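J.: Have a look at the structure that comes next, please.
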Amino acid sequence: GCKIVKIWKIPPVIKVYEALGAIADGRVHLYNDYAEVFSSDKHKKYTVIFNLPKKIIAANDNGSFWQKYLGYPAIAVLILKNIIPYDAHVAESLKDIPWKEWNDEFHQDYAKTLERVHRELKKQGIETSRVIKAIENVMEYLHKTPYLMPEKLQRPPSS
Numbered sequence: 463g464c465k466i467v468k469i470w471k472i473p474p475v476i477k478v479y480e481a482l483g484a485i486a487d488g489r490v491h492l493y494n495d496y497a498e499v500f501s502s503d504k505h506k507k508y509t510v511i512f513n514l515p516k517k518i519i520a521a522n523d524n525g526s527f528w529q530k531y532l533g534y535p536a537i538a539v540l541i542l543k544n545i546i547p548y549d550a551h552v553a554e555s556l557k558d559i560p561w562k563e564w565n566d567e568f569h570q571d572y573a574k575t576l577e578r579v580h581r582e583l584k585k586q587g588i589e590t591s592r593v594i595k596a597i598e599n600v601m602e603y604l605h606k607t608p609y610l611m612p613e614k615l616q617r618p619p620s621s
């Protein structure tokens, strides 16, 4: 029989911000064929497994498991593996953002969370246009390059 190959959906744009934030915070730990990514409040540890030559990747964050989009832990790994180019300066500006807290505060209304992020960046004198461009570049890559799901997905960790 022919295997049905599932492709990850494109994530909400905020997930790219979260991925860069995780990198800047040093929350991504790469090992040979897997990685561990800690949540912004450090209460959860996500596992990312990958076979990059075959373009297979998966993480057990909620977005990946429930919504079937490429979640931020997987995006962070693709960036750190030098597969997706990124602007390190922009990543650095997204350090120490309490993503979970802000997303909860705005009831997962990501547009509101991002407005808040952009406000904070402006306060620090960071050009939001550069940040937006850097995020768009990553999104463009994700649109052009489909990644495949493994057969079985790992359930998210409980807090």
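Residue numbers for the sequence shown follow our numbering, so the first one is 463 and each next one is one higher.
Using N, Cα and C, we set each Cβ at its ideal position, and we do this for glycine too.
This structure is a prediction, so every number in the text was calculated from the model and none was measured.
(1) Assuming I485 and A553 make a contact with CB atoms under 8 Å, what is their CB distance in whole Å?
(2) Is the stretch 515 to 526 touching the stretch 567 to 585 in the sense that three or more CB pairs, one from each, lie closer than 8 Å?
(3) For L576, I'd like the list of residues in its chain whose CB is within less than 8 Å of its CB, leaving aside the five on either flank, ordered along the chain.
(4) Can you tell me whether P535 is buried or exposed? The criterion is at least 16 other CB atoms within 10 Å of its CB, across all chains shown.
(5) Compare the Cα-Cα distances from S620 to each of H505, V600 and H569 and report the closest residue.
(6) When you compare only the Cα positions, how much space is there between L492 and L514?
(7) Could you say which of P612, Q616, D549 and G483 lies nearest to W470 if we only look at CA atoms?
(8) What residue range does the alpha helix (DSSP H) around V510 cover?
(9) With distance defined between alpha-carbon atoms, name the residue in I472, V467, P473 and A481 nearest to L556.
T.: This is what the structure gives:
(1) Beta-carbon to beta-carbon, I485 and A553 are separated by about 5 Å, close enough to satisfy the 8 Å threshold.
(2) In short, these stretches do not touch, since the Cβ pair count stays below three.
(3) Excluding sequence neighbours, L576 sits near V475, I476 and Y479.
(4) Per the 10 Å Cβ criterion, buried.
(5) For the residues H505, V600 and H569, the minimum Cα distance to S620 belongs to H505.
(6) So the alpha carbons of these two residues sit roughly 13 Å apart.
(7) Between W470 and the set P612, Q616, D549 and G483, the nearest pair of CA atoms involves P612.
(8) Per DSSP, V510 lies in no alpha helix (DSSP H); the unbroken beta strand (DSSP E) holding it starts and ends at K507 to N513.
(9) Checked all of I472, V467, P473 and A481; the closest Cα to L556 is A481.
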